[in-house]
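Trainee: So that you can map any letter, position 32 of the sequence shown is 36 in the numbering used here, and since no number is skipped, the others follow by simple counting. Have a look at this one.
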Amino acid sequence: MESQPYAYTPTGHAICYHCLVMSDCLFCKIIAGQIPAKKVYEDDRTFVFEDINPQASTHVLIIPKKHIVDIKEATEADAELIGYCHLVAAKIARERKLEKGYRTVYNVGPDAGQSVFHLHLHLIGGRKLGWPPG
Ligand code: AMP
Ligand code: ZN
């Protein structure tokens with residue numbers, strides 16, 4: 005794992021240096037506890053919270069604590085972290101008993117509806133999901 009300098013916010017949350025620099029980023033602010041969110045899970049590399057506009061009974065966002073704009077801006081140095089986000093999604097899906105099926109998705113760019121520019125993996129499940137997606 006890439007080593008990252010950490011700092012602490014006034015509320016005592018650990019925050020990576022990138023997040024401190026990207027202080028205008030909504031999801032960095034959620035990680036830092038500066039904007040409230042319904043936290044589902046947190047570890048040293050990831051933060052998971054309920055999507056504010058859920059598209060299914062389970063709709064959570066898995067985000068790396070490191071500020072990465074999106075998958076097309078990621079580098080090889082981010083590969084392990086990106087893979088780890090998927091393992092976190094699978095762990096949450098197991099805990100929520102989504103064995104009948106779920107979807108993990110990155111929206112990339114305007115045509116895919118990307119609206120927040122901090123990498124986030126959607127985990128959606130709890131209902132039958134159509135294919136192809138809209
Ligand atoms: P995307 O459209 O792929 O960029 O996804 C951004 C997601 O973030 C959307 O599903 C939004 O509903 C969600 N979202 C935006 N603001 C918040 C927030 N403050 N707390 C939780 N989820 C949010
Ligand atoms: Zn960010």
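Ideal Cβ placement from N, Cα and C applies to all residues, glycine included. As the structure is a prediction and not an experimental result, all values here were calculated from the model.
Leaving out five residues on either side along the sequence, give the residues of the same chain with a beta carbon under 7 Å from the beta carbon of Cys89.
Mentor: Counting from one through the sequence shown, the residue named residue 89 turns up at place 85. Answer for Cys89: Thr50, Ile66, Pro68, Leu125, listed in chain order.
Trainee: Return the residue from the list Gln118, Val109, Phe121, Lys101 that minimises the CA-CA distance to Gly130.
Mentor: Walking along the sequence shown from the start, residue 130 turns up at place 126. If we check each option's Cα against that of Gly130, Lys101 comes out closest.
Trainee: In whole angstroms, give me the CA-to-CA distance for Gly138 and Asp115.
Mentor: Taking the first residue of the sequence shown as 1, we reach residue 138 at position 134. Taking the first residue of the sequence shown as 1, we reach residue 115 at position 111. Approximately 11 Å, taken between the alpha carbons.
Trainee: So is the beta-carbon of Cys32 under 7 Å away from any non-hydrogen atom of ligand 2?
Mentor: The sequence position of residue 32 within the sequence shown is 28, counting from 1. The answer is yes for Cys32.
Trainee: Could you say which of Pro40, Gly117, Ala94, Glu99 lies nearest to Thr108 if we only look at CA atoms?
Mentor: Residue 108 sits at position 104 when you count from the first residue of the sequence shown. Thr108 has its Cα closest to that of Ala94, out of Pro40, Gly117, Ala94, Glu99.
Trainee: Buried or exposed for Ala36, please, with buried defined as at least 16 other CB atoms from any protein chain shown within 10 angstroms of its CB.
Mentor: Counted from its first residue, the sequence shown places residue 36 at position 32. Burial call: buried.
Trainee: List, from N- to C-terminal side, the beta strand (DSSP E) runs of 3 residues or more that fit wholly inside the segment 22-85.
Mentor: Fully enclosed beta strand (DSSP E) runs of 3 or longer: 43-46, 50-54, 62-68.
Trainee: Report whether the distance from the Cβ of Ile56 to the nearest heavy atom of ligand 1 is below 7 Å.
Mentor: Within the sequence shown, the letter at position 52 stands for residue 56. Ile56: yes, Cβ under 7 Å from ligand 1.
Trainee: When you compare the CB positions of Tyr110 and Ala97, do they come within less than 8 Å of one another, or not?
Mentor: Within the sequence shown, residue 110 is the residue found at index 106, counting from 1. Within the sequence shown, residue 97 is the residue found at index 93, counting from 1. For Tyr110 and Ala97, no; Cβs fall outside 8 Å.
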